[in-house]
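Engineer:
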Amino acid sequence: MEEIYVRHVEFLGFEKRFFPSQHYVYMLMVKWNNLSEKLIYRGYPEIYTFHKSLMEMFPIEAGDIDKKDRIIPALPAPKWLDSQKSTETRQSTLAEYCHSLINLPPKISRCQLVCNFFKVRPEDENPPAQQFKRNEAIVMSTDKARGNTSEISGPIILESYRVISDYSKTSKYEINLLTGDLVEIVEKSPNGWWFCQCDIKRGWVPASYLEPLDGPEEPEDADPNYAGELYITTQAYKAAQDDELTLETGETIEVIHKLLDGWWVVRKGEETGHFPSMFLHKTGEKKEMEENVIRRQIPPPRRSTIRNAQSIHGKGRKGISQNTYRRNSRRFLLQKGDWPNQPRKTSNDATQSPLQEKENGDNIPKPAGSSPGGELKKGAPFIPPRPSPELIMERCTENTCKKVSVRDSTECHLLFEGIFISVFFMYTEQKYKCNNVNDSSFQLQFIEGNQFI
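Under the numbering used here, residue 1820 is the last one in the sequence shown; the count climbs by one each step, no gaps.
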């Protein structure tokens, strides 16, 4: 398993909190080597305690034995009483300290103590509810941040999104939003809940209530992966809409499309449908990694359930229908050879034509020169069986499938029959010209036998 370590730490500013008592915490954006970014909050006393533990763990690199060998950066002790001014002036010192710490040899910068300190905690994602009443956030100035930015990462620019409908919070960790509000995204959680900042308010909101400013499409949405990734359901869910799946706890499924709104498209056997990602756990991963995901009881609402959604874009967001997911999934599995209902080919099937999937005799009369065993006599043309509508739809192009889908069942039947007649006459005309296949009486007899007149 790949080692997870901190790649960069960016100081965003600090917050003044009043619960349980007045104190200050720093806002740090931690970037990991797996390209994930997490916002954490740490107080200066806690940072200094971590620094002392690191010095004790590496006494040589701390200069306890010989001061010339010291490579761990210094950090001043905390004051008895912290003021807003001292907290603000200490930001540059902490930014330089973290930058030097991350660039130390891997045995120090990637040790378990460092990783555990910068790892996101439940209180980072779910701060105490009381703080939302009176918290004050002070963002670090751009000039100070620019001077301490690592070479491997540019300055952080928060994305702006627009609210498409009024949203009322359902827990103390969320915020209320009004239609047209502009919010800045601090973190996009894979379960569909995003941590946002709107004016002085900060909290979690469902991603389905937000839209990008540049266009209706979400540029970070990944493309479908019909190979699928194995996941296990951690909680049962009953489908509330037609394009969702009902699954029980402990079922193994395949995720074929990960959407940012937290409703992933999964495949269970032949069926596909949406399922809340917060109830899924990837097979092979440790349970401890689930701590990075917010524990909630109810998944975020879907975009289709939002009433009176008001978008600034003329065209709506393009979505993929479940019919398209199922068709493409079946096509991928057929090519791969993993389709569950795919019949096994026998030695007799190998000599048949590609269109001969049904036995000759469903709706087509046997040719006059055929023997009881099914073999044709010499000189008689072979009449291939009429393919099923499903087979024709499977081997047609997408444009043909779309045109067929808008017709009624009668028109579809005539279209399938027409395709078969055209294929038969082209086949017989080229292979049996010497047998006078183009004779009108033979053609008429074949059409009458198939109830076309």
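Each residue gets a CB set at the ideal place from its N, CA and C atoms; glycine is no exception.
Below 8 Å, can you find three or more Cβ-Cβ pairs linking the region 1615-1630 to the region 1549-1566?
Structural biologist: Judged by Cβ distances under 8 Å, the region 1615-1630 makes contact with the region 1549-1566, as three or more pairs qualify.
Engineer: When DSSP labels each residue in this structure, what does residue 1633 get in the three-state scheme?
Structural biologist: strand
Engineer: First and last residue of the alpha helix (DSSP H) that includes residue 1456?
Structural biologist: Counting along the chain, the alpha helix (DSSP H) containing residue 1456 begins and ends at 1451-1469.
Engineer: In angstroms with no decimal places, state the Cα-to-Cα distance between residue 1552 and residue 1757.
Structural biologist: 46 Å
Engineer: Under three-state DSSP, which class holds residue 1768?
Structural biologist: helix
Engineer: What's the C-alpha gap between residue 1376 and residue 1764?
Structural biologist: 51 Å
Engineer: Only counting the same chain, and skipping five residues up and downstream in sequence, which positions put a Cβ closer than 8 Å to that of residue 1465?
Structural biologist: 1376, 1378, 1395
Engineer: Measuring CA to CA, which of 1370, 1584, 1622, 1612 is closest to residue 1595?
Structural biologist: When the alpha-carbon of residue 1595 is set against those of 1370, 1584, 1622, 1612, the nearest one is in 1622.
Engineer: What's the call for residue 1669, buried or exposed, on a 16-neighbour Cβ count within 10 Å?
Structural biologist: Residue environment analysis places residue 1669 among the buried positions, since at least 16 neighbouring C-beta atoms fall within 10 angstroms of its C-beta.
Engineer: Where does residue 1385 fall in DSSP's three states?
Structural biologist: coil
Engineer: If I'm right that residue 1392 touches residue 1381 with Cβ under 8 Å, what's the distance once you round it to whole angstroms?
Structural biologist: Your pair residue 1392 and residue 1381 checks out as a contact, with CB atoms roughly 6 Å apart and the cut at 8 Å.
Engineer: Is the beta carbon of residue 1471 closer than 8 Å to that of residue 1432?
Structural biologist: no
Engineer: Measuring CA to CA, which of 1484, 1642, 1537, 1566 is closest to residue 1527?
Structural biologist: 1566
Engineer: Please go through the same chain and pick out, in chain order, the residues whose beta-carbon is closer than 8 Å to the beta-carbon of residue 1671, but skip the five residues on each side of it.
Structural biologist: 1608
Engineer: Is residue 1425 helix, strand or coil when you go by DSSP?
Structural biologist: coil
Engineer: Determine the DSSP secondary structure at residue 1680, reduced to helix, strand or coil.
Structural biologist: coil
Engineer: If residue 1610 sits next to residue 1689, beta carbons under 8 Å apart, how far is it from one beta carbon to the other, in whole angstroms?
Structural biologist: 5 Å
Engineer: I'd like the list of long-range same chain contacts for residue 1564, defined as Cβ closer than 7 Å, with 5 residues on each side in sequence excluded.
Structural biologist: 1550, 1551, 1553
Engineer: Does residue 1589 pass the burial test, meaning 16 or more other C-beta atoms within 10 Å, or should it be called exposed?
Structural biologist: Exposed, since its Cβ has fewer than 16 Cβ neighbours within 10 Å.
Engineer: Mind checking which residues open and close the beta strand (DSSP E) that includes residue 1647?
Structural biologist: 1647-1649
Engineer: Within 10 angstroms of the Cβ of residue 1578, are there 16 or more other Cβ atoms? Answer buried if so, exposed if not.
Structural biologist: buried
Engineer: Quick one: using the 10 Å Cβ neighbour count with 16 as the cut-off for buried, is residue 1698 buried or exposed?
Structural biologist: exposed
Engineer: Less than 8 Å separating the beta-carbons of residue 1475 and residue 1428?
Structural biologist: Cβ distance < 8 Å, so residue 1475 and residue 1428 count as in contact.
Engineer: Per DSSP, what are the beta-bridge partners of residue 1373 in this structure?
Structural biologist: 1399
Engineer: Comparing alpha-carbon positions, which option in 1539, 1555, 1422, 1546 lies nearest residue 1436?
Structural biologist: Measuring from the Cα of residue 1436, the nearest candidate turns out to be 1422.
Engineer: Following the continuous beta strand (DSSP E) through residue 1623, name the residue where it begins and the one where it ends.
Structural biologist: 1619-1624
Engineer: Please list the terminal residues of the continuous alpha helix (DSSP H) segment that includes residue 1481.
Structural biologist: 1479-1485
Engineer: State yes or no: is the C-beta of residue 1643 within less than 8 Å of the C-beta of residue 1604?
Structural biologist: yes
Engineer: Shortest alpha-carbon distance to residue 1618 belongs to which of 1633, 1442, 1406?
Structural biologist: 1633
Engineer: So, with DSSP's three-state summary, where would you put residue 1434?
Structural biologist: helix
Engineer: Since I believe residue 1571 is in contact with residue 1598 (beta carbons under 8 Å), could you give me their beta-carbon distance rounded to a whole number of angstroms?
Structural biologist: Between residue 1598 and residue 1571 the beta-carbon gap is near 23 Å, outside 8 Å, which marks them as no contact.
Engineer: Is residue 1458 buried or exposed, if buried means 16 or more other CB atoms sit within 10 Å of its CB?
Structural biologist: buried
Engineer: Could you say which of 1766, 1582, 1602, 1701 lies nearest to residue 1682 if we only look at CA atoms?
Structural biologist: 1582
Engineer: Could you tell me the alpha carbon to alpha carbon distance between residue 1446 and residue 1453, rounded to whole angstroms?
Structural biologist: 9 Å
Engineer: Is it the case that the Cβ atoms of residue 1612 and residue 1635 are separated by a distance below 8 Å?
Structural biologist: The beta carbons of residue 1612 and residue 1635 sit closer together than 8 Å.
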